[in-house]
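One structure is given here, and the rest of the page talks about it.
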Amino acid sequence: MAQVNMVQSLNQTLAEEMERDPNVVVLGEDVGKNGGVFRVTNGLYEKFGPERVMDTPLAEAGIVGTAIGMALYGLKPVAEIQFMGFIYSAIDQIFSHAARMRTRSRGRYRCPIVVRTPYGGGIKAIELHSESTEALFCHMPGVKVVVPSGPATAKGLLTSALREEDPVVFLEPTRLYRMIREEVPEGEYALPLAKARIVKEGKDVTIISWGSMLQRTVKAAEQYDAEIIDLMTLSPFDEETIFASVKKTGRVIIVHEAARTCGLGAEIAATIAEEAILYLRAPVMRVTGYDVVMPFPKLEDYYLPEETRMAKKIEEILRY
Amino acid sequence: MPEQVIESFEVERLRILNEKGEADSSLMPSFSPDEIKKMYGLLVLSRIFDERALSLQGEGRLGTYASFRGQEASQVGSALAFDPSDWIFPSYRESAVFISRGYPLDRLYQFWSGDERGMRVPDGLNILPISIPVSTHILHATGAAMAAKIKKEKTAAAAYFGDGATSKGDFHEGLNFAGVYNAPVVFICQNNQWAISLPRERQTASRTIAQKALAYGFAGIQVDGNDVFAVYKATKDALEKAKEGGGPTLIECYTYRMGHHTTADDSTRYRIAEEVESWKEKDPILRLARYMEKNGLLNEESKKSIAEEAGKKIDEAVSGAESMPPPDLEEMFTYTYHSLSHRERKEMREISDGPG
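If you read the protein sequences in the order shown, they are chains C and E.
Take 1463 as the starting number for the first sequence in this note's numbering and just add one per residue.
Take 3 as the starting number for the second sequence in this note's numbering and just add one per residue.
What follows is the structure in structure tokens.
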């Protein structure tokens, strides 16, 4: 098995699925000849041609809206939104249509689009290029939200997303695009959606993390007997894996890059409180971004949760 | 160097049938007497459907309802131009499009009574459930048309929307994508002069809606939206052009919303009675009836029997809709995802314990 980074892994996965399924088409800004601003679609235009790899006009609602029409017609469109901060223009299409087409038509129509977008900070970018607002999409029934944390999960999850019958918002941690290289299984490799993954077993504390924060979480917890869960699918999320771990450790920390208020951590904490509170030996704690507008590069390192902040929280929960 | 004109344009208006019921034979498509009778039958059926919906709503038997009175020719005329394989993306004021495509009438009443099962489109009928958000579904028609082109299928898509929708960004994006990809799509704007309380001239400073198409690189045409022949011809021509690779068309059906925006609206607050009155003489059904009478296709007796027959169909549809058993509680969960999520299953158990 070859060592690849996440960009290469996503690229190979798209190529393999496009090879396998002639209905898979890719559309977005600069995804064709340019291969995407992060090169995730590199080479697809040359391989599959302009009808299956569409350089679209600069219009996010247009990209997602036409993708919905294509999906209704029987294609499997993969729409790329260049940065998560630009997806806001397309939220109307995702919320008002993609998420509810199956419900609205009582099952006659479905809308299996995949909307891929890089998310998260730490890349020294200008405004609205570092957003991590996954909770918005988790709140909307009818949408699935999937976040890989490295090259291997990127392949397994994107493969499943591309075979999924429901709309998927697929968030790719920008900071990790080229940071991690690891072995990625060759050939058929699909990770089921709505299933979390235990990255490391442990007995003192459960740490739930995903996407851009996972690698830091693993590092921060090295000195502890921590059980680390990579949630992978944020909506619908895997409650069972969380409960089983909570029952074992009695302590939970949730780590996410997004702002704290109404972040997904709040929903996970409430779910644990409802169904597993008697197993807890300490309050559920969170390490998250702050309730501020995502700062520019000069301050972003203070905003993003990092190993020291996480380790402090682990100490705090163990001492409780 | 003198200044040059680098682009100029003209906007055509199509009318075949005037208010007196006289048809321009040079423009008239070749309709058989039966086809014309079918058009008339659908116009009447749609009108009665609409009138009944309003009275049912007044009795509390339907929810909020959007009347299309006055727009029957725009809807029936365009809807009859489609092939069964074409895809239709309607807005919420298009009941006559559904009726003309053979959508079960009882399902329409069921939908407007607050039962989502009414929008379970029968298999084989390529129409989408109505789009409540304005203008956003225009992009779906463009996308479906792009897909038809990618799949090399000789199919066209069409979106229905009103004059208000043309102010939104999705209209721009939908038409722009359609132009760029030369997609086989027809945009049918029913310019009924009012978007709730805002008159057409305050919706856009453009003299016509049709001319907006020119900026996207394709043709736009204004048709007399109360002339069922003209609407049919414009739509048919646009669909044929689309399927021959000629790209999109914007059709502005110039018509009038005779009723309130919906049953929750009171249009006397913002428009004058004289204006509404002036459109009565332009009524699309009156116009076709005059034509048919002149041409021996309709008389008092047949007029009466057509109306009675339509009334009977509507009676059946109403009783069909009202005798449908209420949806199972599970219905609420069944369609969110292709299969129930873990959490939905728990919530469903909660609800099946009974309300409250």
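Built from N, CA and C at the ideal position, the CB exists for glycine as well.
Through-space distance from residue j to residue i, alpha-carbon basis
i, j, result
"ASN1504 of chain C", "GLU1736 of chain C", "46 Å"
"MET1772 of chain C", "ARG1748 of chain C", "9 Å"
"GLU12 of chain E", "LEU252 of chain E", "14 Å"
"VAL1714 of chain C", "THR1750 of chain C", "14 Å"
"PHE84 of chain E", "SER1558 of chain C", "27 Å"
"GLY1618 of chain C", "GLU1650 of chain C", "9 Å"
"ALA1728 of chain C", "ILE1716 of chain C", "9 Å"
"ARG1625 of chain C", "SER307 of chain E", "55 Å"
"ARG202 of chain E", "THR257 of chain E", "11 Å"
"GLY166 of chain E", "PHE1545 of chain C", "31 Å"
"SER259 of chain E", "SER87 of chain E", "In the sequence on display, residue 259 of chain E carries Arg and not Ser. Answer to the nearest angstrom: the Cα atoms are 30 Å apart."
"ILE129 of chain E", "PHE189 of chain E", "15 Å"
"GLY298 of chain E", "LEU29 of chain E", "20 Å"
"LEU1476 of chain C", "ARG1578 of chain C", "11 Å"
"ILE1670 of chain C", "ARG1637 of chain C", "19 Å"
"GLY227 of chain E", "SER325 of chain E", "36 Å"
"GLU61 of chain E", "VAL1605 of chain C", "38 Å"
Residue-level contact to chain C via CB, residue i, 9 Å cutoff
i, result
"ILE190 of chain E", "no"
"PRO1 of chain E", "Lying outside 3 to 358, the shown extent of chain E, residue 1 of chain E is not represented and no answer is given."
"ALA212 of chain E", "no"
"PRO131 of chain E", "yes"
"PHE179 of chain E", "yes"
"ILE152 of chain E", "yes"
"TYR162 of chain E", "no"
"TYR111 of chain E", "no"
"ILE140 of chain E", "yes"
"ALA244 of chain E", "no"
"ARG15 of chain E", "no"
"TYR258 of chain E", "no"
Residue span of the beta strand (DSSP E) that contains residue i, given as start and end
i, result
"CYS255 of chain E", "251-256"
"LEU1448 of chain C", "Past the edges of chain C, shown from 1463 to 1782, lies residue 1448 of chain C, and the structure says nothing about it."
"CYS191 of chain E", "187-193"
"TRP89 of chain E", "89-91"
"LEU1633 of chain C", "1630-1635"
"MET1602 of chain C", "Note, MET1602 of chain C: premise wrong, no beta strand (DSSP E); not H, not E."
"ARG1578 of chain C", "1576-1581"
"ALA221 of chain E", "221-226"
"SER1671 of chain C", "1667-1671"
"MET334 of chain E", "Run containing MET334 of chain E: none in the beta strand (DSSP E); it sits in the alpha helix (DSSP H), 333-336."
"VAL1515 of chain C", "1515-1517"
"ALA1738 of chain C", "Run containing ALA1738 of chain C: none in the beta strand (DSSP E); it sits in the alpha helix (DSSP H), 1726-1738."
"ARG119 of chain E", "Note, ARG119 of chain E: premise wrong, no beta strand (DSSP E); not H, not E."
"PHE100 of chain E", "Segment 97-102 is the alpha helix (DSSP H) holding PHE100 of chain E; no beta strand (DSSP E) there."
"TYR293 of chain E", "Premise fails: TYR293 of chain E lies in the alpha helix (DSSP H), 286-296, not in any beta strand (DSSP E)."
Own chain partners of residue i with C-beta closer than 7 Å, once the 5 adjacent residues on each side are dropped
i, result
"VAL78 of chain E", "MET41, LEU44, LEU45, SER48, ALA98, SER102, VAL230"
"THR1668 of chain C", "GLU1689, ILE1691, SER1707, VAL1708, THR1711, ARG1713, VAL1714"
"ALA240 of chain E", "VAL188, THR251, ILE253"
Own chain partners of residue i with C-beta closer than 6 Å, once the 5 adjacent residues on each side are dropped
i, result
"GLY358 of chain E", "Because the pLDDT at GLY358 of chain E is just 49, under 50, the model does not fix this residue reliably, and the point stays unresolved."
"MET1480 of chain C", "VAL1486, PHE1510"
"PHE1548 of chain C", "GLU1522"
"MET1532 of chain C", "PRO1539"
"VAL1646 of chain C", "VAL1466, SER1471, PRO1613, ALA1614, LYS1617"
Paired residues, beta bridge with residue i - DSSP
i, result
"ARG49 of chain E", "Partner(s): none; ARG49 of chain E has no beta bridge."
"LYS245 of chain E", "Partner(s): none; LYS245 of chain E has no beta bridge."
"PRO1539 of chain C", "C:VAL1487"
"HIS1718 of chain C", "C:THR1750"
"ILE1659 of chain C", "Strictly speaking, residue 1659 of chain C in this sequence is Arg, with Ile absent from that position. Per DSSP, C:ASP1692."
"GLN1465 of chain C", "C:GLU1645"
"ARG15 of chain E", "E:GLN224"
"GLY164 of chain E", "E:GLN192"
Extent of the continuous alpha helix (DSSP H) run through residue i
i, result
"TYR272 of chain E", "Premise fails: TYR272 of chain E is in no alpha helix (DSSP H) and is neither H nor E."
"ILE1553 of chain C", "1553-1558"
"ASP1763 of chain C", "1759-1765"
"ALA1616 of chain C", "1613-1624"
"TYR1507 of chain C", "1506-1510"
"ARG345 of chain E", "344-354"
"LEU177 of chain E", "171-182"
Any C-beta of chain E under 9 Å from that of residue i
i, result
"ALA1652 of chain C", "no"
"GLU1481 of chain C", "no"
"GLY1727 of chain C", "no"
Same chain only: Cβ atoms within 8 Å of residue i, ignoring 5 sequence neighbours per side
i, result
"TYR339 of chain E", "GLU346"
"LYS1657 of chain C", "MET1694, THR1695, ASP1700, THR1703"
"TYR234 of chain E", "PRO31, MET41, GLY79, SER80, LEU82, ALA83"
Residue i Cβ short of 8 Å to the ligand ADP heavy atom set
i, result
"ARG209 of chain E", "The model depicted lacks the ligand ADP and carries no ligand whatsoever."
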